[in-house]
Every structure is written in structure tokens, then in C-alpha cells.
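Residue numbers (mature numbering (1 follows the signal peptide of the UniProt record, and there is no 0)): -26 to -1, 1 to 828.
Everything below concerns the one structure shown next.
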């Protein structure tokens, strides 16, 4: 019991404080309620004078005062955990309330969704994917959105794709789609027009300081398809003709050459022609600027076991007499119409001709000419002031050669040559001749440097031409002829210059021949930086020989001070794009699963899981999506565990392997690891494997696989996200099939980036026992990690997982309850909060997630 009059320690301390403070005591300012600056977080405020790292609190009087503010243009915009950065530079956190936007379209065929800003308008777009066919290919369409306003039309990708993944391979927004092709990995890039447009940019980058020009040539007749003969120029080996076979055998060094690509000249500086009719391969010609001879090399010879590479051979030099420096280039034509091809050389401001004898040798003139010499050749008076023709052929089939010159077409007549068609526009700079429609007469296509559109001259017979225009997107050059779509009509392939993001870039475009009339308007196919050469031929791909010509493109890889190569596969569908091949230990691999990730350079690249159709080996490849990484072909990992198996239970190696890959920085080392989930062994068995990227070897190093119980199919999903809020990424695997959906399996991550070593969830997640048909992750409003949205046959549920990894699920009532096929999350209205896209059997709908503070 306290004694009367005794003071408590608390009262004594309070009195002491008052006594000490009394001499300096002053009235405290009155703080207003409900305003920024009173250091109290009140309604309409996120902060008032302080903010948790890395957040920033806008001070009183500033725009968005007492709100967390951020910079959406930065990779790390500066919002506290659980907040997203809106386009008005305010951080917002989801309230958990979702409401319909009323935006709905009736597309009922999609079964899967991917998100990316394909048209670069700052708003998320959707890649809609249909059900896979028997081979694993899916129909695909791009759906553009502007906020919550959906485009009324789809951008059609007029081919089926396999294993698609969306990422930022070009170092910009998530605008790229990588997909698997029989020939390798292809990349489609979004563009900045209102409607998304796609082009493809996979490349094979030569070693530093190496440049090249190349040709498709059938050097080895016993091997199907053409081989490649390349003029390479490197610091170590100098200029060399090299033979490259399609079967993956080492390149054959054929012959040293007097110069590299820097010395070659002309729109077609290197060409192949049948100049020696007694040997089974064409000869190679190279035009060197300033030279007074033209080297002619035969790349094959007869060996002990048949026709082989002419290694160590030497070119035949055709001399110009009198000597003159080559200043325009060289091409071949039957100048004297004797059935043998001749050399036409532009040198010293005039035309030289060496007449071919059909045996690989030449004479300067038919009677009394000098062997292997080219003599000056006078163009007809009707050619005007032209000193060198752009092309030559017997266009009116009268037994005399005709000429395409910059000012028109000169045709032979009984009374002499005349200008049959006069070019009234700017002078042509290039011209090609071919059968571009079905009238069996040779037509002419010509371009003018720096001018859009191509001139098409339809040969109506007897040297009469009907002019027309082929529309292009930019000025055309490097015109090349080949039957790319296999319809037995010639097509035109060329480079055209266009603007993208304020810069001029070259694109490979095609104009396709038609049975009647004018070839098609130009179709842009591939962006390729600065294009240096285009050539066409028949190259054997994964599916063997076909009737379509392939197109090889050489372009600059400026970041590597070297050239890059791409091969565009000919296709009947006219969807012409290159695919980067996956090769390991001399064998080709079929890509079956892809993901974008950060693998050692400034831009995202691709991890590709490939299977060897012959041995069934699985390997991981790093595919360079932009030219800022390791040069050369994709390097393969060691073979993965042999018990990874196709889920379909068939011997056929298809895109339906059922393996899943994703990429994330699991161990906080600054590089992404690859997460691979695949079926193995018996039914209802799966395994997870993590592969680390090794920068020194530019390969993935797989860790030991961890098995777990699950049934996988090609329709399974794999997402990587921190769903328990412990700061470590976890792997979410949706198992089962569309017919028999199963549970959601979560493989917990830890500080070393291992998955599956820790105990899994206490029970696989299956909210109502009907299985999980779709899932997506949304940022948790609790400030740590992500919540999981899963769709069953009965509802869409939201799972919240606490630090103890206990999961609670509640249905999201406003979202569709039945027939959900796919889910995706994206910030459609740029307020910093994830919104929801839902695909059902009845159509596609957008739902808005409401932030805590508007």
C-alpha cells in the first residue's frame, strides 16, 4: 500500500521534465487535421514526411503531395514493396477490389494468353494462343489494347507457332515474341505503328573482326541441296574462299583470295555461274574494286570417292586488255547468244566482255581473240550515254542480246537496236530479269537509288513492255531473284530502308511473282540492321529438300565489328523469316521450350530447350536475341538427365514434348537461372532442374534434378514468383491436362536458388477439388511477394500465402465463375496496379483492379 503523500516515479519524472523545460517553454504550433505536412498519415495520403526504402514521399506543396512518388521510366521506379508505379508517377497499392470494365470481345477459340506491348504505345497487348495441334503448333493472334479499350480487330500471325514466349530481347519494352520452328528459334519483333507489325531478327554473328560474302552453290551433287561458298576476311586468316556443307562437317578452306569484302564492288559483287559445262558445279566470280583481273574459281573436283571440295585450288584470272580498273562490278550473260555464258565487266568507265567457250575458259573475241582476256565492248547507240548495262538477256528471243540501261530497255530489231522502253523517271541503279508472271517471257524489275517503289516491265512479247509499279515501304537495293514460295514463278527479294524510332534501318522485303499481271506489293519480312548482301539458293533444312528457295542475308553486327548471317527459309505460305538453328556435337536440335532471361549482357536473351530427334538428348542453348552478347552459334549445355521424357508417350519427336522453362534470378547473383520442369519415368512423375548461366563459356550448367509427383501435358503452365514473401523466387506448376485438370504444385525457393529441396506445400493447391485450369500472379497488397489467382471449373480464387506457407483461398466473386480457360495480369490503365484479363469459353474480358487511393 502506497503511503499517503508519496509520489509515484512517473509523476516525479514528469515534474522534473516540466521544471527543466519551463525557462524555454513556448506555445506549440497548432497542427491542422487532414492536410499534408502534419506528419500524420491521414485519408488520401500514403505518407507524410517519411517513406520506407526505396520509396520517396512527395513533400507538402509538391505535385502529388504526401503520396509515394516514382519514375516509371526506370527499371526500378522507386516504390515501396507492394506498390506499383503509375504513369502519373504515383505509387499505388491494390485494394483487393476488382470490378468489370465492360470491355469484352467474343473470341472463343483462345486457350492461353501472353502479355506484351507489341505496338509500343505503352499499353499492354495480348498474344492469344489457340489449342495445340497434333505436332504442338498453335494458332496465334495479337490483340491490341489502349487502356481498357480493346482493338476491334486482331493482328493475324498467319502461321502457327510452337512454344511461344514474350520478352524484351531488343532491350526495350516487352515487345518480342520468340517461338520454336523446325529450323530453330525465331523472334518476332513488335513495332510502333498503331497496329502491331512483326519482323524477325535472329542472327549468327561471326567472330570479331570477320566479314563475309556468301553464295548458295550446289558444289557436291551427291549431297542434297546447295552448299555455301563464303568469301571470309579475318585478321588471322586474311581473305579466303571457304566451303560450308549442310551436314555440319568442318568448313573446307578452298583458296586464298586477293581481297576481302571491303574491296568487292557492285550490287552483286560475288556470283556463281555455270561457266565450265563439263564439271558438276558452278564457278565462283568475285569483282574487286580497282583490280584489272576477275578471278574465276571452280569449287569442286573429282576425287577418289566422287565429287569433293576443291581444297587448295587456284582461281583462273581473266585479264582486262587494255588494263583498266574495275569500277562497276561483274555479271554474266550470254552476250553472243551462243549458249555459253560470258563475263561482262565494268571497268575504266566502259564495258568489257570475255566470251565464254563453255569449258571454263574465255576469249576476248570470237575470231583471233586472246585467251582468258576481256576486251572493250561497244554498247549500241540506242543505249545513249550509258557506259555499262545493268543487265543483259535476249528479251525478244530473236537471237540477239538486249540491254537494260539506266534510261530504259534497248531491244534488237531487224533494222538495228532501239529504245523499246524509255525510263522517264530518275535513272535506274539496279535491274534484274526473271519470269515474274506466267506468260513465259522474261520480265524486268528495276530500282532507283534513294527512291521508293520498283519499276516492273511486263514483257508482252516481241520486246514490247507494259510498265507498272511495285509499291515498297522504302528505297530498294540489292535486288535478288528466287522462287521463295515454290509456285514456280520468280520472286524479288531486296533490302529497303525504313525509319524506326528515329533511326534508319534496313529491312528484307519480298515481292512475290503472280500467275498474271504485276507481282505483289512489297512485304517486309526481316529487320537486319545494315544489309550488305542478299543471295538465294536451295539449302537443306530440318525437313529436307523442298521446292522453295532460301534467302541468305549478310548484315553488319556493329557491336562485334563483324558481319552477321541469317538464312530465311522459303515457305509456301509466304511467311518468310529466319530461324536460328540449335546445334550441339554436330547434330541439329528441335526447340521445344523457350524463355527470355538476363544471361550476361544488356538485353534479354533466350534460353531454349532442344531435343535431338535421333538420340533424344535434351540440352539447353543460350540464343542471342540482340547483337550485344557472345558471338557465334548458340552454345549447348551438357546433356540433361536422360529420364526427362515426352509426356505424350509416343516415339515421334514433336513440339508436344511437354517440358516447361522459365527464367528468374533465384540466388540474387545478378544473372537469371533457368528453371526446367519436365515429365520423367512413369506416369504422374515429374522433376525440376535449375541451370546456372556461366558467362565464361556462355553455356548453361545444369544442377541435379529434383523429382516430385505430378502429371504434365503440353498445356501445363510454369510461373516463377515469390508467393510466400520470403524474398526468394518460387516455381508454380499447373499440372494435368485440359480434359483432366489437376492441382497447382508450388516448389519453394531458398537463398541458394534451389527449388524442390525444401518441403513442398502441405497439400497441392486445389481450391474446390475440380483441378486448376488457369493461373496468374498479381502483386500482393500486403507488401511482400505475389498472390496467386487460380481458375477452377467453379470459380476464380485468390490465394494468399503467409510466411509459414499456409494458403488461404477465397473466390473473387466479380470474376467469371465458369468455363475459364486462361488468365493474365497486366497494368492496362497505367495506375500501378495489376488488372486481370480473363479468357472464357464465351469470350475475352478485362477487369480493373482498384487501388487503395485513386
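We put the CB at the ideal spot given by N, CA and C, even for glycine.
At a cut-off of 6 Å, would you count residue 297 as near the ligand ZN, judging by its Cβ distance to the nearest heavy atom?
The ligand ZN is not part of the structure shown, which contains no ligands of any sort.
From 205, 627, 645 and 621, pick the residue whose C-alpha is nearest to that of residue 634; which is it?
621
Where residue 813 falls, given that 16 or more other Cβ within 10 Å makes a residue buried
buried
Identify which residue in 75, 109 and 102 has its Cα closest to the Cα of residue 564.
109
In DSSP terms, what residue 387 is bridged to:
390
In whole angstroms, what is the alpha-carbon distance linking residue 641 and residue 693?
17 Å
Check residue 210 in the structure and name its three-state DSSP category.
coil
Take residue 766 and list the residues in its own chain whose beta-carbon comes closer than 7 Å to its own, dropping the five residues that flank it on each side.
741, 742, 744, 745, 746 and 747
Helix, strand or coil for residue 307, going by three-state DSSP, please let me know.
strand
Alpha carbon of residue 658 to alpha carbon of residue 211, nearest angstrom:
55 Å
Take residue 35 as the anchor and find which of 10, 28, 24 and 75 has the nearest alpha-carbon.
10
If you reduce the DSSP assignment to three classes, tell me which class residue 532 lands in.
helix
So, at 6 Å on beta carbons, what are the nonlocal neighbours of residue 20 in its own chain, with the 5 sequence-adjacent residues on each side left out?
41 and 42
Beta strand (DSSP E) segments (min. 3 residues) lying fully within the stretch 78 to 118
86 to 90 and 99 to 103
In the structure shown, what three-state DSSP assignment does residue 236 receive?
helix
Which residues in the same chain have their Cβ closer than 6 Å to the Cβ of residue 158, if we skip the five residues on either side of it in sequence?
553, 554, 555 and 556
Return the CA-CA distance between residue 38 and residue 527, expressed in angstroms with no decimal places.
52 Å
Output the distance between the C-alpha atoms of residue 809 and residue 793, rounded to the nearest integer angstrom.
20 Å
I think residue 111 touches residue 100, with their Cβ atoms under 8 Å apart; what is that distance to the nearest whole Å?
At roughly 19 Å, the Cβ-Cβ gap does not stay under 8 Å, so residue 111 and residue 100 are not in contact.
Using the three-state DSSP reduction, which class does residue 781 fall into: helix, strand or coil?
strand
State whether the stretch 255 to 263 contacts the stretch 282 to 301, with contact taken as three or more CB pairs (one from each stretch) at a distance under 8 Å.
yes
What is the rounded straight-line gap between the Cα of residue 277 and the Cα of residue 243?
30 Å
DSSP-derived helix/strand/coil call for residue 660:
strand
Using the C-alpha atoms, what's the distance from residue 391 back to residue 323?
22 Å
So, residue 508 versus residue 589, is the Cβ gap smaller than 7 Å?
no
Does residue 703 come out as helix, strand or coil in the three-state DSSP assignment?
coil
Residues that residue 293 bridges to, as DSSP identifies them
267 and 347
Helix, strand or coil at residue 134 according to DSSP, with G and I counted as helix
strand
Count Cβ pairs between the stretch 536 to 550 and the stretch 609 to 616 that sit closer than 8 Å; are there 3 or more?
no
Taking the beta strand (DSSP E) that residue 229 belongs to, which residues open and close that run?
226 to 230
The beta strand (DSSP E) enclosing residue 773, as first and last residue numbers
770 to 775
Status (buried if at least 16 other CB within 10 Å, exposed otherwise) for residue 209:
exposed
For residue 423, which residues in the same chain have their Cβ closer than 6 Å to its Cβ, ignoring the five residues on either side in sequence?
403
Among 761, 664, 675 and 568, which has the Cα closest to the Cα of residue 138?
568
Please name the residue in 711, 375 and 619 whose C-alpha comes closest to that of residue 681.
619
Any 3 or more C-beta pairs closer than 8 Å across the stretch 233 to 253 and the stretch 149 to 164
no
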